[in-house]
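Working notes, structure below.
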Amino acid sequence: MGLLYNATKWLDHVTQFPMRRRITKNDDETYDLVRAEGEIIQQGTARNAKNYNNMESGILGNQIHLLVLGQQMLQVQRACEDTRGEFGIITVTNANRYPFASAAVTVPIKEKRSNLDYVVEVEIVSSNGNVEQIEVFDKQLNGFKIRFTGSAKSAEFKYKLTGGRY
Numbered sequence: 105m106g107l108l109y110n111a112t113k114w115l116d117h118v119t120q121f122p123m124r125r126r127i128t129k130n131d132d133e134t135y136d137l138v139r140a141e142g143e144i145i146q147q148g149t150a151r152n153a154k155n156y157n158n159m160e161s162g163i164l165g166n167q168i169h170l171l172v173l174g175q176q177m178l179q180v181q182r183a184c185e186d187t188r189g190e191f192g193i194i195t196v197t198n199a200n201r202y203p204f205a206s207a208a209v210t211v212p213i214k215e216k217r218s219n220l221d222y223v224v225e226v227e228i229v230s231s232n233g234n235v236e237q238i239e240v241f242d243k244q245l246n247g248f249k250i251r252f253t254g255s256a257k258s259a260e261f262k263y264k265l266t267g268g269r270y
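Residue numbers for the sequence shown follow this note's numbering, beginning at 105 and rising by one.
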């Protein structure tokens, strides 16, 4: 990406006798101050609309660029915030006998979500039998349910919840 501004090289106006003036008397008995700076050593950059407008357009371009970068930064922060997970361990106890085992537990979410577009990853920490299938269902903004099928009387699950913030 190129520069948003074409820089103007500003030069000082340098003369042999800077700031020197001569007083001249006019025919109507008035006086004028006339520059008497001597020889010009370096011609300065003109202070005119062309140069000032170039500067203004550069400032405006940079301000717009900063606003776009700020917006992109907010989007990156939201994306990072959305990937920050919430972790927990939950124990599910099954009172029914196999094959009718389908115990379910409601898991509250610590930080309420703004939408249901979140992902729950579950892994078994321990169980006292066979866990066939783990299901996450009934997602809500403030919680969800976990159940399992199998012959285990109880199982401990570790879950990780990501997303759903924005």
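Just so it is clear, CB atoms sit at the ideal spot from N, CA and C, and this is done for glycine as well. None of these values were measured; they are calculated from a predicted model.
Legend entry - residue 206 burial status per 10 Å Cβ neighbour count (16 or more: buried): exposed
Legend entry - Terminal residues of the beta strand (DSSP E) in which residue 195 lies: 190-197
Legend entry - Nearest to residue 225 (by Cα), restricted to the options 253, 187, 126, 118: 187
Inset, instruction - Kindly indicate which three-state DSSP category residue 222 falls into: helix, strand or coil? - result: strand
Inset, instruction - Starting from residue 265, follow the beta strand (DSSP E) in both directions and report where the run begins and ends. - result: 258-267
Inset, instruction - Please list, in chain order, all residues of the same chain as residue 172 whose beta carbon is under 8 Å from its beta carbon, the five residues on each side excluded. - result: none
Legend entry - Through-space distance from residue 264 to residue 217, alpha-carbon basis: 14 Å
Legend entry - Where residue 213 falls: helix, strand or coil (DSSP): coil
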